[in-house]
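Below is one structure, written out as structure tokens; comments come after it.
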Amino acid sequence: MSKSRLCRYSGTLKVGSAAVLALSAAGAPQVLAQSLEEVVVTASKMGASSVQDLANIVTVLGNDELENRGAFEFTDFAGSVPGLQFQDLGPGDKEFIIRGVNSSGPSTVGFYFDEAVITGSNAQDGGGRNPDIKLIDIERIEVLNGPQGTQYGANSMSGLIRYTPAKPNFDGFSGEVAADFSDTREGSDNQVYSGVLNVPLIDNVLAARAVAWRVDNSGWIDQSRAIGGPYEDVNDEETNGGRLMLRYTPDDRLSIDLSYLRQETTAGGSSRYTPKGVTSFGSADAGFPPITASSHFENTDITRSPWDDEMELFSLTASYRFDSGLLTATANQFNRDIHFNFDSSPILFFFGVPLPGITSQPQGRDIFSGEIRFASTLDGPLQFLVGAFMQREDTDFAVHVVSVNDNGLADPFIPGPDNNALGPEGGTTFFGRYVNGDLEQNALFGEISYDINNDFELTVGARYFDSTLESTEGTFHDFGSAAALGPFSNKDDEDKVTGKISLSYRPSDALNIYGTVSQGFRVGGLNQADISFTENVPASYGADELINYELGVKSRFAGGRLSLQGAIYQIVWEDMQVQTLDVQSGIPFITNAGESEINGLEFNMNATVTSALELQLGLTLVDAELTEDQPFVDEGEDRGFSGDSIPNIPDVQGFAALTYTTALSMGELKLRGDVTYRGDADTRFDTASEFNRELDAYALVNLRASLTLSNDLELTLYGKNVTDERAEFDAIASVQDPLAVVGSRPRTLGIAIRKSF
Numbered sequence: 001m002s003k004s005r006l007c008r009y010s011g012t013l014k015v016g017s018a019a020v021l022a023l024s025a026a027g028a029p030q031v032l033a034q035s036l037e038e039v040v041v042t043a044s045k046m047g048a049s050s051v052q053d054l055a056n057i058v059t060v061l062g063n064d065e066l067e068n069r070g071a072f073e074f075t076d077f078a079g080s081v082p083g084l085q086f087q088d089l090g091p092g093d094k095e096f097i098i099r100g101v102n103s104s105g106p107s108t109v110g111f112y113f114d115e116a117v118i119t120g121s122n123a124q125d126g127g128g129r130n131p132d133i134k135l136i137d138i139e140r141i142e143v144l145n146g147p148q149g150t151q152y153g154a155n156s157m158s159g160l161i162r163y164t165p166a167k168p169n170f171d172g173f174s175g176e177v178a179a180d181f182s183d184t185r186e187g188s189d190n191q192v193y194s195g196v197l198n199v200p201l202i203d204n205v206l207a208a209r210a211v212a213w214r215v216d217n218s219g220w221i222d223q224s225r226a227i228g229g230p231y232e233d234v235n236d237e238e239t240n241g242g243r244l245m246l247r248y249t250p251d252d253r254l255s256i257d258l259s260y261l262r263q264e265t266t267a268g269g270s271s272r273y274t275p276k277g278v279t280s281f282g283s284a285d286a287g288f289p290p291i292t293a294s295s296h297f298e299n300t301d302i303t304r305s306p307w308d309d310e311m312e313l314f315s316l317t318a319s320y321r322f323d324s325g326l327l328t329a330t331a332n333q334f335n336r337d338i339h340f341n342f343d344s345s346p347i348l349f350f351f352g353v354p355l356p357g358i359t360s361q362p363q364g365r366d367i368f369s370g371e372i373r374f375a376s377t378l379d380g381p382l383q384f385l386v387g388a389f390m391q392r393e394d395t396d397f398a399v400h401v402v403s404v405n406d407n408g409l410a411d412p413f414i415p416g417p418d419n420n421a422l423g424p425e426g427g428t429t430f431f432g433r434y435v436n437g438d439l440e441q442n443a444l445f446g447e448i449s450y451d452i453n454n455d456f457e458l459t460v461g462a463r464y465f466d467s468t469l470e471s472t473e474g475t476f477h478d479f480g481s482a483a484a485l486g487p488f489s490n491k492d493d494e495d496k497v498t499g500k501i502s503l504s505y506r507p508s509d510a511l512n513i514y515g516t517v518s519q520g521f522r523v524g525g526l527n528q529a530d531i532s533f534t535e536n537v538p539a540s541y542g543a544d545e546l547i548n549y550e551l552g553v554k555s556r557f558a559g560g561r562l563s564l565q566g567a568i569y570q571i572v573w574e575d576m577q578v579q580t581l582d583v584q585s586g587i588p589f590i591t592n593a594g595e596s597e598i599n600g601l602e603f604n605m606n607a608t609v610t611s612a613l614e615l616q617l618g619l620t621l622v623d624a625e626l627t628e629d630q631p632f633v634d635e636g637e638d639r640g641f642s643g644d645s646i647p648n649i650p651d652v653q654g655f656a657a658l659t660y661t662t663a664l665s666m667g668e669l670k671l672r673g674d675v676t677y678r679g680d681a682d683t684r685f686d687t688a689s690e691f692n693r694e695l696d697a698y699a700l701v702n703l704r705a706s707l708t709l710s711n712d713l714e715l716t717l718y719g720k721n722v723t724d725e726r727a728e729f730d731a732i733a734s735v736q737d738p739l740a741v742v743g744s745r746p747r748t749l750g751i752a753i754r755k756s757f
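With full-length UniProt numbering, the residue at position 297 of the sequence shown is 297, and numbering never jumps.
Written as structure tokens, this is what we have:
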């Protein structure tokens, strides 16, 4: 079946290419605008390269494109990137998925802010996924599809996302201020303020750039039965952030960048809601009988679930240009602290405890990453890259299950028998545990690129790394007995060599046909050890790896006015890491689930149709399924079998955008409309499971009209999700967790003002 699907994808790619050729021929007699600008990729460590020259699918969104879309955060652009999907549980808790490689545990997609590793992790049962850094003064976003393990290491097993901030420049004193005001249906008003200031301090030697932002987004989900409620619009968000950068260039060869970023986000409540007509959990003995959701955006939790997220990033990068190449050294420290809360009443009810409770999870990650590399710029057919990388990560994770106060929030966590909520004297604490981890990674990597002749280029790369993960864990307050257990220790070591090889055929500057074979790898990890009720939970889970076979084409036609990228690929993924649930304890854990195969097609096109009209199209087709049964592990729920589809991966995803630009007497008018389509998907391997949710297909439509005046003042009217689609991004349900979904923001209409100087 998979070979047949791959052949159909190949046929689709051929048809698409033929259609583009026909379009370019048909358009030849017309008077068209200037050619599309050449798109340059900086995420390739071999040096800045044209998208046209790379042997993989790459999407680059520059600052102008982000502003044209009104993109403030990841979800504002993700649907337009071929091959990119996501799961969204709210601000600061998103999982990135590229090419259908989706599972629990550490991220399968590498995430970088400039040179810094900020990749999210959800190895435990709390939040802590990829950070939501707001897209203010971002020079470019680059998405590289397919394994990037040669240059970027273990977490880039399916691809890479990199945010590159705008750097200080020496062109002069400049900046901008912007304000955005909007209103969300079912919610209320939203506001975004931002400012940028660029200041040359010493001509051509030292410059500074400062950026600040504030985001106030209203919620649209109501809590009908929470203690102390009801509460309206609980999932509101407030984010404050800023960034300061210095650039020092004492001569033409040396450049040093120093930067600091800080962002704080608070959310008033959960982004999850119970679908209308669905009956949620309850306990008559606890005074909270089951309740049926009576509206579309109703959260039926008994407790409130605020979210606090603080992050800061220190970065130092130096580069020196030799005649033979560029030497780069970088050191980065990323710190993130999250306080995640959720209603644990259904878990307590499951264990026969007729009391409401809330689980509070304070968690922190400190990641130091450093790298030194040399990328050659030799005369002749040979170029090379060589480098060394290190990463040190410390994590602290705690679970506090406590009683609830009169405002629906957590009571104090005070462990010990004198404060046992299940003891004869009562108290505020049901349970408490901790897991502290240390990760150490070291790697050596290199690539060689060789021009065989004028038409063919061969690239070979490899990366060796070793990884050590240690954890210390225990209980502050055991369930029932209130005893302290532990500490217990666990350890896992991994080492691996990954590689890639690609061959490109370039008969002209306008055509690149390539084939790539590349490997992706993700280290294993540790589950909870020696804690009550976890006798059936394995102490650790193994590494998973994949191999990617890819055939692609990149072309530019009609004098550069039309460009396309397309690829078909097959991924064989072994020992994939998945989360399951121990039925006895109700504790989630990670195990390895056999083998899967993913076949897909990715295609995108940019065309300057006329002097005023620009068209963008994107298409993703994916067939992702298990090819081996998931191993049996103590009746873990949702066991997958050969032929089951990988959860949360739609078969079809598409994007289309049309932009019309014209000159007026007062300035320039730009009209834009875009639509993002995502096909349906299931949330479980077993689609017949009572806990499976079929996520329906959806289309989100956005419209914008911008007027830029001659004095660099820009006025914009816009609508996001103008059809008010109730798209479902993700759903959660288990024996202890009643069905809840996370979806799109309702229709939002607004006005934006931007002034540059």
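We treat Cβ as the ideally placed atom computed from N, Cα and C, and that holds for glycine.
(request) Quick one: residues in its chain with C-beta nearer than 6 Å to the C-beta of F350, no 5 flanking neighbours on either side, listed in chain order? (result) Here the question's residue 350 lines up with position 350 in the sequence shown. Closer than 6 Å at Cβ, skipping near neighbours: Q736.
(request) Tell me whether the beta-carbon of T164 lies closer than 8 Å to the beta-carbon of R185. (result) Here residue 164 is taken as the residue at index 164 of the sequence shown, counted from 1. Here residue 185 is taken as the residue at index 185 of the sequence shown, counted from 1. Judged by their CB atoms, T164 and R185 are not nearer to each other than the 8 Å cut-off.
(request) Could I get the ranges of all uninterrupted beta strand (DSSP E) runs contained in the stretch 344 to 422, with 3 residues as the minimum, in chain order? (result) Runs of the beta strand (DSSP E) spanning 3 or more residues and lying entirely within the stretch 344 to 422 occur at 358 to 376, 382 to 402, in chain order.
(request) Assign V742 to one of two classes, buried (16 or more other C-beta atoms within 10 Å of its C-beta) or exposed (fewer than that). (result) Taking the first residue of the sequence shown as 1, we reach residue 742 at position 742. So V742 counts as buried.
(message) Looking at S305: is its Cβ nearer than 8 Å to the Cβ of G352?
(response) Counting from 1 along the sequence shown, the entry for residue 305 is found at position 305. Counting from 1 along the sequence shown, the entry for residue 352 is found at position 352. Against a cut-off of 8 Å, the Cβ pair of G352 and S305 comes out as no contact.
(message) Per DSSP, what are the beta-bridge partners of G503 in this structure?
(response) Here the question's residue 503 lines up with position 503 in the sequence shown. Reading off the sequence, residue 503 comes out as Leu, not Gly. For L503, which the question treats as bridged, DSSP gives the partners L458, G515.
(message) If distances are taken between C-alpha atoms only, which option among T377, S315, F77 comes closest to R321?
(response) Taking the first residue of the sequence shown as 1, we reach residue 321 at position 321. Closest option to R321, Cα to Cα, is T377.
(message) Taking the beta carbon of K94 as the centre, do at least 16 other beta carbons fall within 10 Å, making it buried, or is it exposed?
(response) Start at 1 with the first residue of the sequence shown, and residue 94 comes out as number 94. Counting the other Cβ atoms within 10 Å of the Cβ of K94 gives 16 or more, which makes it buried.
(request) Would you list, in sequence order, the uninterrupted beta strand (DSSP E) runs of no fewer than 3 residues that lie entirely inside the stretch 202 to 261? (result) You should have 206 to 217, 237 to 248.
(request) Report the rounded CA-to-CA distance for G92 versus T395, giving the unit in angstroms. (result) On the sequence shown, residue 92 is found 92 positions in, with the first residue counted as 1. On the sequence shown, residue 395 is found 395 positions in, with the first residue counted as 1. A direct Cα-Cα distance of roughly 17 Å separates G92 from T395.
(request) Provide the residue span of the alpha helix (DSSP H) that contains L54, from first to last. (result) Taking the sequence shown and counting its residues from 1, one reaches residue 54 at position 54. Per DSSP, L54 belongs to no alpha helix (DSSP H) and is neither H nor E.
(message) Could you compute how far the alpha carbon of I291 sits from the alpha carbon of F281?
(response) Residue mapping note: residue 291 aligns to position 291 of the sequence shown, counting from 1. Residue mapping note: residue 281 aligns to position 281 of the sequence shown, counting from 1. So the two alpha carbons sit approximately 7 Å from each other.
(request) Apply the 10 Å Cβ neighbour rule to I118 and answer buried if 16 or more other Cβ atoms are within range, or exposed otherwise. (result) Working through the sequence shown from its first residue, we reach residue 118 at position 118. Classification of I118: buried, given that the 10 Å Cβ count is 16 or more.
(request) Take the Cβ of V404 as the centre, count every other Cβ of all protein chains shown within 10 Å, and call the residue buried at 16 or more, exposed below. (result) In the sequence shown, the residue the question calls residue 404 occupies position 404. The residue is buried, with at least 16 neighbouring Cβ atoms inside 10 Å.
(message) Less than 8 Å between the C-beta atoms of D680 and D696, yes or no?
(response) Stepping through the sequence shown from its first residue, residue 680 is reached at position 680. Stepping through the sequence shown from its first residue, residue 696 is reached at position 696. Inclusion of D680 and D696 in the CB contact set at 8 Å is warranted, their separation being smaller than that value.
(request) Within the same chain, show all residues whose beta-carbon is closer than 6 Å to that of G195, passing over the 5 residues directly before and after it, in chain order. (result) Against the sequence shown, residue 195 aligns to sequence position 195. Excluding residues up to 5 positions away in sequence, V177, A212 lie with their Cβ nearer than 6 Å to the Cβ of G195 in the same chain.
(message) Going residue by residue through the stretch 535 to 579, where are the continuous beta strand (DSSP E) segments of at least 3 residues, counting only ones entirely within it?
(response) Listed in chain order, the complete beta strand (DSSP E) runs (minimum 3 residues) inside the stretch 535 to 579 are 544 to 557, 562 to 574.
(request) Pick helix, strand or coil for F74, following the three-state DSSP scheme. (result) As a position in the sequence shown, residue 74 is number 74, starting the count at 1. Per DSSP, reduced to three states, the secondary structure at F74 is helical.
(request) Determine the contact status of N548 and Y569, defining contact as a CB-CB distance below 8 Å. (result) Translated into the one-based positions of the sequence shown, residue 548 becomes position 548. Translated into the one-based positions of the sequence shown, residue 569 becomes position 569. A Cβ-Cβ contact shorter than 8 Å links N548 with Y569.
(message) Could you give the first and the last residue of the continuous beta strand (DSSP E) run that contains Y320?
(response) The residue you call residue 320 lines up with position 320 of the sequence shown. Bounds of the beta strand (DSSP E) holding Y320 are 307 to 322.
(message) Between S710 and G654, how many whole angstroms is the CB-CB distance? I'm expecting something under 8 Å.
(response) If you number the sequence shown from 1, residue 710 lands on position 710. If you number the sequence shown from 1, residue 654 lands on position 654. With a Cβ gap of about 38 Å, S710 and G654 do not count as contacting.
(request) Work out the CA separation of L197 and N240 for me, nearest whole Å. (result) On the sequence shown, residue 240 is found 240 positions in, with the first residue counted as 1. On the sequence shown, residue 197 is found 197 positions in, with the first residue counted as 1. Going by the C-alpha atoms only, they are around 17 Å apart.
(request) Keeping to the same chain, check which residues put their C-beta closer than 6 Å to that of R365; ignore five residues upstream and five downstream. (result) To locate residue 365, count along the sequence shown from 1; it is residue 365. The beta carbon of R365 sits closer than 6 Å to the beta carbons of R336, T395 from its chain, once the five residues preceding and following it are set aside; these are given in chain order.
(request) Indicate the three-state DSSP secondary structure (helix, strand or coil) for S80 in the structure shown. (result) Within the sequence shown, residue 80 is the residue found at index 80, counting from 1. Reduced to three states, the DSSP call for S80 is helix.
(request) Could you check if G357 is buried or exposed, using at least 16 other CB atoms within 10 Å of its CB as the buried criterion? (result) Residue 357 sits at position 357 when you count from the first residue of the sequence shown. G357 should be labelled buried.
(message) According to DSSP, is Q616 part of a helix, a strand, or is it coil?
(response) The residue you call residue 616 lines up with position 616 of the sequence shown. Taken through DSSP and simplified to helix, strand or coil, Q616 comes out as strand.
(request) Starting from the Cα of T627, find the closest Cα among M576, T620, V609 and give me that residue. (result) By one-based count along the sequence shown, residue 627 stands at place 627. Cα-wise, what sits closest to T627 is M576.
(message) I need the boundaries of the beta strand (DSSP E) containing R693, first residue and last residue.
(response) Position 693 of the sequence shown, counted from the first residue, corresponds to residue 693. Under the DSSP assignment, R693 falls outside any beta strand (DSSP E); it carries neither an H nor an E label.
(request) For the alpha helix (DSSP H) containing T150, list its first residue and its last residue. (result) What you label residue 150 is simply residue 150 of the sequence shown in a count that begins at 1. Counting along the chain, T150 sits inside the alpha helix (DSSP H) bounded by residues 149 to 152.
(request) Assign A731 to buried or exposed, taking buried as 16 or more other Cβ atoms, counted over all protein chains shown, within 10 Å of its Cβ. (result) Walking along the sequence shown from the start, residue 731 turns up at place 731. That one is buried.
(message) Among the candidates D252, R253, L261, whose CA atom is the shortest distance from the CA of L244?
(response) Start at 1 with the first residue of the sequence shown, and residue 244 comes out as number 244. Nearest option by C-alpha distance: L261.
(message) Using 8 Å as the threshold, is the C-beta distance between A208 and D301 below it?
(response) Translated into positions along the sequence shown, residue 208 becomes position 208. Translated into positions along the sequence shown, residue 301 becomes position 301. With contacts defined by Cβ atoms closer than 8 Å, A208 and D301 do not form a contacting pair.
(message) Taking a contact to mean a Cβ-Cβ separation below 8 Å, would you say I649 touches V622 in this structure?
(response) Counting from one through the sequence shown, the residue named residue 649 turns up at place 649. Counting from one through the sequence shown, the residue named residue 622 turns up at place 622. Contact flag set, yes.
(message) Quick check: what's the CA-CA separation for E73 versus G90?
(response) In the sequence shown, the residue the question calls residue 73 occupies position 73. In the sequence shown, the residue the question calls residue 90 occupies position 90. Whole-angstrom Cα-Cα distance: 12 Å.
(message) Within the continuous alpha helix (DSSP H) that includes N68, where are the two ends?
(response) Against the sequence shown, residue 68 aligns to sequence position 68. It spans 63 to 69 - the alpha helix (DSSP H) in which N68 sits, taken as one unbroken run.
(message) I'd like to confirm the pairing. Which residues does DSSP put opposite E115 in its beta bridges?
(response) Numbered from 1 along the sequence shown, position 115 holds the residue referred to as residue 115. None, per the DSSP bridge assignment.
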